[in-house]
Amino acid sequence: EDNLKPKVQWLKELGMDGSQMAKMVVKSAQLFGLSLEDNLKPKLQWFKDLGIDGSQVAAMIVKFPTLMAVSLEDNLKPKVQWLKELGMDDQQVAKTFARQPSLLGLSLEANLKPLVYWLEDLGLEKPQI
Numbered sequence: 130e131d132n133l134k135p136k137v138q139w140l141k142e143l144g145m146d147g148s149q150m151a152k153m154v155v156k157s158a159q160l161f162g163l164s165l166e167d168n169l170k171p172k173l174q175w176f177k178d179l180g181i182d183g184s185q186v187a188a189m190i191v192k193f194p195t196l197m198a199v200s201l202e203d204n205l206k207p208k209v210q211w212l213k214e215l216g217m218d219d220q221q222v223a224k225t226f227a228r229q230p231s232l233l234g235l236s237l238e239a240n241l242k243p244l245v246y247w248l249e250d251l252g253l254e255k256p257q258i
């Protein structure tokens, strides 16, 4: 209980209601096992620095609850860097992740890069992708 209350309060401060939290528990109870200080708050700040506000992060978590369990250093930052190499700016990256947070759960090497290469082979230019 001492571990859950601060996390529930943090999620409420992001703008989540009880029904959204209930959905998250069903989809990914592991969120409540993550450290507030070492994981959740630093990730929230990283998303904010990218241009995604707290309410958008809350919506992303509802859509893709395991988002907060994804490694910042090994997963999130490399994906952002790669997207920037494709020509996206911070605003475009933020908009993409806010709309489709599940992209952050895909493997860069096994899913995202092959998809982009395939689309390029079809004749699409990087700005179109």
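Heads up, the sequence shown is in my numbering, so the first residue is 130 and it goes up one at a time. Built from N, CA and C at the ideal position, the CB exists for glycine as well.
- Rounded to whole angstroms, the separation of the alpha carbons of A198 and N132 is 17 angstroms.
- Judged by beta-carbon spacing, P194 lies within the 7 angstroms limit of L160, meaning their Cβ atoms are closer than that value.
- DSSP places V199 outside any alpha helix (DSSP H), giving it a letter other than H or E.
- Within the same chain, and ignoring the five residues on either side of V186 in sequence, the residues whose Cβ sits closer than 7 angstroms to its Cβ are L143, L173, F176.
- Nearest to S148 by alpha-carbon distance, out of G180, L169, A188, is A188.
- Q229 has its alpha-carbon roughly 12 angstroms from the corresponding atom of V191.
- Between Q220 and G183, the gap from beta carbon to beta carbon reaches 7 angstroms or more.
- It is roughly 45 angstroms from the alpha-carbon of Y246 to the alpha-carbon of K134.
- For M145, the three-state secondary structure derived from DSSP is coil.
- Pairing I258 with L251 gives a Cβ-Cβ distance that is not under 7 angstroms.
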